Structure formats: structure tokens, C-alpha cells
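S.K.: I am attaching a structure below and will ask some questions about it afterwards.
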Amino acid sequence: MKRIIFYILIFIAFNMQSQTTLDTINLREVKLVESRFNTYKNSREIIDVDSHLIGYNNISISNYLNKNSMIFIKEYGALATPSFRGTSSSHSLILWNGIPINSIANGLSDLSILPINKLNNISIINGGNSSVFGSGSIGGTINIDSNNKIYFNPKKTLLINTEIGSYGFSSRTLSIEQFSNLLSLKLNINEINHQNNFMFKNLAKAGHPIEENNYGSLLARQEQIDLTYKFSDRQYFIANYWHTYFDREVQTNMTTPNSDAKQFDDNNRLLFTYKSLMRNIGLNLKQAYTREKFRYIENSKSIDSKYTAENYITDLDFKYYKSYYLFNVGMSFCNKIMINNNYIENEKKEDNYTIFSAVQYERKFLKINSVIRKEYQEAYQIPFTPLFSLDLSINERIAFLAKYNRVFRSPTLNDRYWFSGNAIGNPNLKPENGWNQEIGLIFNNDNIYISGVLYSINIEDWILWHELDNGNWTADNIKKVWSRGFENKLQINYKYFRIITNYTYTKSTSQLPTSNLDYTVGKQLRYVPCHKANFSIIYNKNNFKLLLNQSYTSNVITNYGVEDKYLKGYMLTDISFQYNIASNPINLQLDINNFSNVEYQTYQNYARPGREYRFSINYILEK
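Structure (C-alpha cells):
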């Protein structure tokens, strides 16, 4: 019944919109049809892939963000998961064109299976934004945008890319773009093969022998189709399809060299979007479908774990502009279907309903956002999530930022219904919730950008899997965490040079003991570095480009005890060259990753490759 009412409301709203006559306005025309992400991002960090990437055509998003952002990426086995501001990987929300794509099963998003090729734009919001985006946006949010660059003038582009590299790496890419006055069409096909057979020092064995990573091969395929049709200057229809398939051997731990684990990921994402602007009313209607197929096989341990998860999302967003105010009302419906052979009941279905309301006041030197969001879920109570933010320009160059909002994360289906081995889920879990606070200053002129942000996040009812007296494991709301820190970014543009640096200090500690022998209280959380910094120099003149990148990550705690155990910090250096052959549609690229051949780990006993070379040839034809 709730679903029927929801769709009736959408039908009424859509017809009211269609009956409005076309009128001409110039104020906020773009903002009225913008996505919710762009409307409420304020002055947060935006990463433009095309302008910053040199020689990174086929790396994963995880590799790129680890080198060029304040996000800490843990890479282990077959996974690469992001962590913002001292929170866990499950507290990071990943969006694709505004639609959440975190796993329905465990709430994580494996960035290693998201190739960066032809995604156009990656936008990052550091800090919690559950009021705008919903569950999971506690530490930060990443939006992967394939609709960023759309043209409506006659143009054709053909890109053919071939890339080879160390450790048996090879890739092939075909990209076709065709634009007309009314239609924009983009097609991208990509395939990657990687043996991943690098040499490493086994620190878990006596004498630290040199061994080969002989079990870590990868086959990946990706297809993207992005179509935009312009009904008029104020009405657009967009269709996006994105398919990724990964077949990979799960990298062995240094302590278990004989593993035969394999993992298969097959993900389909389909999104239809209608955008319209009539008078001073903006409409953004989205209908999405995602299907996540996962299988993990380890024959030596008789493990065959698999699931299929489907998610149907309907999202309606209204914007109304009057004077200096933007009024925003939204509704969304989400239907999740999970078939998992590790649940007592193999099939689980859940519905979520959301109501969103916001008021934005904006003048030349002032922007104020007031947001409230409420989600409904039958299995548990989700709190109201308000947000208040202030963006005050002290003068034309200096701005003051402040934000205070509630954050939450719903328990995942695995947290509640897992039943396999000695692990049992807890259906009575409550959502994690807390408050995010931050203040910052920004200095910006034509050539220099400087930002500094202080933040604090308090999270209660943190879900923790722990061992019971009978030896079984289960999940409970028994942890409280306080994360606070400082973020700084500096960007300088001078003639042919661009210099970009960022630094983050994070103190994230457990505030409550979870047992009588809990050594964690007051200590830094596991795998949360206190310090992380990046430094990049980009030189671009005529047909030649050069990128030098250095990234530093401090040590992290791996195990607690009377004497805590650590992974040592590391600094990585990457160099990239690009040369465009004059009067020729050929582009040559050479990348050297981990130039100094540093031995490092991001997760205990999982080796990372040393120095790595990649060479690519791009054929680009434009008409």
C-alpha cells in the first residue's frame, strides 16, 4: 500500500510539472536541475579526472584516490576499501550519478573493481552527509559521475587505447563519442588482464625470504553507455548503463601461502533520469536498477559463498526558487532483494522510504543550508537527520565554513541475517548514529587555493562483531567512537605548473570498553593513520606533460595488547610522462609507480608490489 501511495504522489507531481508553461528565467537556472549532490556540496573538494590524471587510464579508483586525496585506502586480498576521517570502510558512501552502489550485503564498496577509465569526474565530500544522502555517509561520500561532460554540438570522437606493464599487465580500451544538436552518445569498452606476479619479502617467515606473488591474477571487463536526449534547453532525458565483471584469484596472506580462493563480481547498473525546468520549478526524477552478483570459492576449505542482490530505486526531487531562497523537497523509495546461501532464510526483501526537505538561502557572500531527512524501515527505527551549514565569504577571497549535522548507518543484511560457520547475525541491531561538526577557512584567488578544516565526529551504537563465550561470533551495538582532526589543502597555479598538496591529521579513538580485557579505550583505531599527506607537481606545456606525485601514510595499529603492534608508515613516489605527437592523433604515456621500490603494506601480511612500469598508446580521432 505504501508503494502504491508513493507512486501516486510521483504521478501527480509529474503531471503538475508538465502542465506548467515554459518561461524564461536566468537566475539559478542550472542549480534548479542539478542533482542533490551538487546542490549541497558547498565548497568541498572536487576532483576532475580528466584534468588531473596523466597516464592513469586504467588504474582503479582506489589507486588514484590513495595518491591524490585525503582518503586512506586499505588494500588486502581482493579488496580495496576507503576510509574517511578515522571511520571504518562501511562509513563511506559511494554514489554513481547520485545513486548509492555500496554492497547491499555488507555495506562496503570495493573500489578495486571500479576502473577509473571514462568516468569523467570524481567528486568527494569529506565529512558526514547522511542528511542529504542517507545511510553510510558518516565519514565521507564519493560520487562517480559519467554525465559530467555532455555536448550538444556536432562532434565525433574515437579513442583506442592499448596499455602494457609490469607483472603481466595489459589492457585495451575502445571509446566512441558522438554528439549532435539533440543527442549525446558515449560508449566505452574496456578489458584488463593482470597476472600480478610481483616479488616481495615475506615478513611472516624466518629470514624474510623473497617470494613471488603467484596467486593474484585478474581478468576485468567493463562496458559503459551514456545517452542524453535534449527535448529542449530545459528538458533532458538521460540513460546510463554500467557493467563490470571481475574474475580474480584472491591474493594469499603471507602466513597462508597455499590458499586457492577465487572471487567473481558481476555488477549491472541501469539509471534513467528526467530533468526539467519550468518557470522557477526544477524537477529531477530518477529510476535506477542495480544487480550485484558475488561468488567466493575456496575449495581447500569447502567454501562456496554466493549471493545475488537487486536494488530498485525511485527518487523524485523538486526545487522551487523564490528570491534568494531555494526550497527543495524530495521523496525516494528503495526495494532490496537479496538471495544469499549464508542466510537462514535464503531470500530477504526490504523496503525503505525517505522524505527529504531543505531550504537554501544564498546571496553574494552568504549561503545557508537547512536540511532534514527521515527514513522509514520496518525492521528498525532510523533517527531524524538534520543538517545546518554556513558558507560565509568574508571578502572576495576568504570564506568561512561551518556544518553541524546528524549521521547514521543502518545495519547491513549480513550484520542481521548471516548464519554460516561460527558467525551468527543479530536481527535486533540498531542503526549507528552520531553528530558531525566542522569549521573551516578557504582562501581562493586566481592562482592560489588554501583550505583548512577542523572536524569532530561522535558515533554511538557502533556495530562490532565480537566473540561470545561459546566460541561463536555475532554483531552488537557495543562500541562508541570519537574521531577528530584537521585537513589542509594547497593548490598553486603558475604558468605551466600546477602544485597540489594536502595533509590530514586524524585522531580516532574508542570511548567505551567492549569487554573486561579491552585494551582499545583511548587508543587509535586499527588501520587509521594519524597522518596522511600528498604532494603533486604537474607540468603541462605544448605537447608534453609531466606528473610527479608523492604520498605519505604514517604507521597504523594492527593489534592491541600490553604492547600494541604496528604496520610501519611509508612514502610512495609516482612519475608519469605524456607526449602528444605533433600533427598526429597519437598520444604516448609512460608511468612509473612506486619509483623508489618501497616495501610496504596497507593491511597486515598482504604484500604490495614494488616498482611498476606501464606504457600506453592512445589513438584519438576527432571530427
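Whatever position you read off the sequence shown (first residue = 1), add 248 for the numbering used here. From the three backbone atoms N, C-alpha and C, an ideal C-beta is built for every residue, glycine too. Because the structure is a prediction, the values reported are computed rather than measured.
Please state whether DSSP places residue 315 in a helix, a strand or coil.
M.R.: For the purposes of this step, residue 315 is taken as the residue at position 67 of the sequence shown. Of the three classes helix, strand and coil, the one that applies to residue 315 here is helix, per DSSP.
S.K.: Residue 455 to residue 814, Cα distance in whole Å?
M.R.: Within the sequence shown, the letter at position 207 stands for residue 455. Within the sequence shown, the letter at position 566 stands for residue 814. Distance between the alpha carbons of residue 455 and residue 814: 20 angstroms.
S.K.: Do residue 374 and residue 320 count as a contact pair if the criterion is CB distance below 8 angstroms?
M.R.: The residue labelled residue 320 in the question sits at position 72 within the sequence shown. The residue labelled residue 374 in the question sits at position 126 within the sequence shown. Their beta carbons are not under 8 angstroms apart, which means residue 320 does not touch residue 374 by this criterion.
S.K.: Does DSSP classify residue 531 as helix, strand or coil?
M.R.: Position 283 of the sequence shown holds residue 531. Reduced to three states, the DSSP call for residue 531 is strand.
S.K.: Based on DSSP bridge pairs, tell me the residues matched to residue 606.
M.R.: As a first step, residue 606 must be located in the sequence shown, where it is residue number 358. Paired residues: 576, 619.
S.K.: With a 10 Å radius around its C-beta and 16 neighbouring C-beta atoms as the bar for buried, classify residue 829 as buried or exposed.
M.R.: Within the sequence shown, residue 829 is the residue found at index 581, counting from 1. Label assigned to residue 829: exposed.
S.K.: Assign residue 856 to one of two classes, buried (16 or more other C-beta atoms within 10 Å of its C-beta) or exposed (fewer than that).
M.R.: Along the sequence shown, read from residue 1 onward, the residue named residue 856 stands at position 608. So residue 856 ends up on the buried side.
S.K.: Pull the bridge partners of residue 565 from the DSSP assignment, please.
M.R.: Counting from 1 along the sequence shown, the entry for residue 565 is found at position 317. 532, 578.
S.K.: Using only CA atoms, which one of 793, 800, 463, 450 lies nearest to residue 827?
M.R.: Along the sequence shown, read from residue 1 onward, the residue named residue 827 stands at position 579. Closest by alpha carbon: 793.
S.K.: Distance check for residue 550 and residue 498, CA to CA, integer angstroms please.
M.R.: The residue labelled residue 498 in the question sits at position 250 within the sequence shown. The residue labelled residue 550 in the question sits at position 302 within the sequence shown. If I take the Cα positions, the gap works out to 16 angstroms.
S.K.: Spatial neighbours of residue 541 within its chain, please: C-beta separation below 6 angstroms, excluding the five flanking residues on both sides.
M.R.: As a first step, residue 541 is located in the sequence shown; it is residue number 293 there, counting from the start. Answer for residue 541: 514, 556, listed in chain order.
S.K.: Tell me residue 483's beta-bridge partners as DSSP assigns them.
M.R.: Numbered from its first residue, the sequence shown carries residue 483 at position 235. DSSP, once it has assigned bridges, lists 480, 524 as partnering residue 483.
S.K.: Let me make sure I understand the geometry here. Which of 795, 762, 751 has the alpha-carbon closest to that of residue 777?
M.R.: Position 529 of the sequence shown, counting from 1, holds the residue named residue 777. Ranking 795, 762, 751 by Cα distance to residue 777 puts 751 first.
S.K.: State buried or exposed for residue 226, treating a residue as buried only when at least 16 other CB atoms are found within 10 Å of its CB.
M.R.: Nothing can be reported for residue 226: it is not among the residues displayed for the chain, which extend from 249 to 871.
S.K.: Under DSSP, the beta strand (DSSP E) around residue 746 begins and ends at which residues?
M.R.: The residue given as residue 746 occupies position 498 in the sequence shown. First-last of the beta strand (DSSP E) with residue 746: 745-758.
S.K.: Please tell me whether residue 440 and residue 359 are closer than 8 angstroms, where the distance is taken between their beta carbons.
M.R.: For the purposes of this step, residue 440 is taken as the residue at position 192 of the sequence shown. For the purposes of this step, residue 359 is taken as the residue at position 111 of the sequence shown. For residue 440 and residue 359, no; Cβs fall outside 8 angstroms.
S.K.: Ignore the nearest five residues each way along the sequence and tell me which others in residue 478's own chain have a CB closer than 7 angstroms to its CB.
M.R.: Here the question's residue 478 lines up with position 230 in the sequence shown. Once the five neighbours on either side are set aside, the close Cβ partners of residue 478 are 400, 430, 484.
S.K.: Evaluate residue 353 with the Cβ neighbour count: other Cβ atoms within 10 Å of its Cβ, from every protein chain shown; 16 or more gives buried, anything less gives exposed.
M.R.: For the purposes of this step, residue 353 is identified with residue 105 of the sequence shown, where counting begins at 1. Buried, by the Cβ-count rule.
S.K.: Distance, Cα to Cα, residue 615 vs residue 638?
M.R.: In the sequence shown, residue 615 corresponds to position 367, counting from 1. In the sequence shown, residue 638 corresponds to position 390, counting from 1. Their Cα atoms are separated by approximately 6 angstroms.
S.K.: State the start and end residues of the unbroken beta strand (DSSP E) segment that holds residue 801.
M.R.: Stepping through the sequence shown from its first residue, residue 801 is reached at position 553. Note, residue 801: beta strand (DSSP E), 792-801.
S.K.: Label residue 348 either buried or exposed according to how many other C-beta atoms from any shown protein chain fall within 10 Å of its C-beta, with 16 as the threshold for buried.
M.R.: Taking the first residue of the sequence shown as 1, we reach residue 348 at position 100. So residue 348 ends up on the buried side.
S.K.: Should the segment 502-512 be called in touch with the segment 520-527, which here means at least 3 C-beta pairs below 8 angstroms?
M.R.: The segment 502-512, when compared against the segment 520-527, does not touch it at the 8 angstroms Cβ threshold.
S.K.: Tell me where the beta strand (DSSP E) around residue 415 begins and ends.
M.R.: Position 167 of the sequence shown, counting from 1, holds the residue named residue 415. Careful: residue 415 lies outside any beta strand (DSSP E) and carries neither H nor E.
S.K.: Under 8 angstroms by Cβ, that's how I've got residue 450 and residue 460 pegged, so tell me the actual separation to the nearest angstrom.
M.R.: As a first step, residue 450 is located in the sequence shown; it is residue number 202 there, counting from the start. As a first step, residue 460 is located in the sequence shown; it is residue number 212 there, counting from the start. Contact flag wrong, Cβ pair sits at about 10 angstroms.
S.K.: Comparing alpha-carbon positions, which option in 585, 693, 562 lies nearest residue 579?
M.R.: Locating residue 579 in the sequence shown gives position 331, where the first residue counts as 1. Of 585, 693, 562, the residue nearest in Cα terms is 562.
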